Amino acid sequence: GRPRTKFSAAQLQELERSFREQRYIGASEKRRLAAVLNLSQSQIKTWFQNRRMKFKRQTQDAR
1 GRPRTKFSAA QLQELERSFR EQRYIGASEK RRLAAVLNLS QSQIKTWFQN RRMKFKRQTQ
61 DAR
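Numbering-wise, UniProt numbering puts 37 at position 37 of the sequence shown, and it's gapless, one number per residue.
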């Protein structure tokens, strides 16, 4: 597999902001983030998948 991406604080801030607006990222927003953050669209897709899993775990813990 490929090595883990280390996201910068600025990248995470932008990813989190986008995630708060919509948990499922669309193609155009993914393209925008990839361009702005200098990441690949697949890295962003994966981040969103992982972030949703984290979100789900957190909400399950809260029960």
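Even for Gly, the Cβ is constructed at its ideal location relative to N, Cα and C. Quick caveat: nothing in here was measured; it's all calculated off a predicted structure.
Residue range of the alpha helix (DSSP H) that residue i falls in?
i, result
"residue 44", "41 to 61"
"residue 22", "Premise fails: residue 22 is in no alpha helix (DSSP H) and is neither H nor E."
"residue 8", "No alpha helix (DSSP H) holds residue 8; DSSP gives it neither H nor E."
"residue 2", "Premise fails: residue 2 is in no alpha helix (DSSP H) and is neither H nor E."
Taking the alpha-carbon of residue i as reference, which of the options has the nearest alpha-carbon?
i, options, result
"residue 11", "3, 43, 26 and 22", "43"
"residue 8", "58, 37 and 56", "37"
"residue 30", "13, 48 and 20", "48"
"residue 16", "1, 61 and 45", "45"
Roughly how far, in whole angstroms, is the beta-carbon of residue i from the beta-carbon of residue j, given that I think they are within contact range, below 8 angstroms?
i, j, result
"residue 40", "residue 34", "6 angstroms"
"residue 55", "residue 4", "Incorrect: roughly 20 angstroms between the Cβ atoms, too far for contact."
"residue 19", "residue 57", "That belief does not hold up - the Cβ atoms of residue 19 and residue 57 are roughly 15 angstroms apart, past 8 angstroms."
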